[in-house]
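Below: the structure, in structure tokens.
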């Protein structure tokens, strides 16, 4: 599979989102997608395997969250329940200066993410700002090295919003932000999550349709 033919689609999509991307970052995103597709033959990483759809529904969807946050180099970011590395790995490819932690509960997916670190992130930015943590979010969030340590916490479609808030807000430092990347039918989830968000010391800042 020649992923180069999808470079234009990715570059145009990033431009439309207002996400600046160096050529090597675009290359890294495409390499990540290629690895996801290859490893998907051995383990369940995604139901989306057509390259064009992967660019749109994985890479550009992830980048839309980056655009919403205005992500910057030096920020500590944690992606909870990352699966195949969306959105966190895409963010790291496009902004190598972030310090990224990926939390994943399935050990076999962690092995995949370690390979991504070696073959995608390492050549781009080194391994110092990239780590994979094997564990459940509710357990990892209690650990002192992770609790209230992050500028940005994110999770993409892994649970209902009330549950996500309970799992993810403990990772955020005071003044930090939690971005929940959800599908279009999220209104009821937001209303149901408001009490949990407030109880955990958070507040709803914005709902943005992308």
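Numbering (my numbering), first residue to last: 15 to 224. Cβ atoms here follow ideal geometry from the backbone N, Cα and C, with glycine treated the same way. Just so you know, these numbers come straight off a predicted model, no measurement behind them.
Is residue 195 helix, strand or coil by DSSP?
strand
Going by the beta-carbon positions, is the gap between residue 216 and residue 179 smaller than 9 angstroms?
yes
Reference residue 99, options 81, 161, 88 and 44, closest by Cα:
44
Rounded to whole angstroms, what's the CA-CA distance from residue 90 to residue 66? Just pull it up for me.
31 angstroms
Is the Cβ-Cβ distance between residue 147 and residue 116 less than 9 angstroms?
yes
If you draw a straight line from the C-alpha of residue 156 to the C-alpha of residue 176, how long is it?
18 angstroms
Contacting residues, own chain, Cβ-Cβ under 7 angstroms from residue 122 (five flanking each side not counted)
57
Buried or exposed: residue 29, going by 16 or more other Cβ atoms within 10 Å of its Cβ?
exposed
Note down the Cα distance separating residue 109 from residue 208, rounded to an integer number of angstroms.
31 angstroms
Below 6 angstroms CB to CB, which residues in the same chain sit around residue 128 once its five sequence neighbours on both sides are set aside?
146
Check for me: the alpha helix (DSSP H) holding residue 53 runs from which residue to which?
37-53
State buried or exposed for residue 103, treating a residue as buried only when at least 16 other CB atoms are found within 10 Å of its CB.
buried
Boundaries of the beta strand (DSSP E) in which residue 118 is found, first to last residue:
113-118
State buried or exposed for residue 19, treating a residue as buried only when at least 16 other CB atoms are found within 10 Å of its CB.
exposed
Select from 197, 112 and 36 the residue whose C-alpha is nearest the C-alpha of residue 83.
112
Out of 138, 31, 79 and 93, which one is the CA nearest neighbour of residue 184?
93
Give the DSSP bridge partners of residue 17, in chain order.
According to DSSP, which records beta bridges pairwise, residue 17 is partnered with nothing at all.
Specify, as a first and last residue, the run of the beta strand (DSSP E) that residue 170 falls within.
164-170
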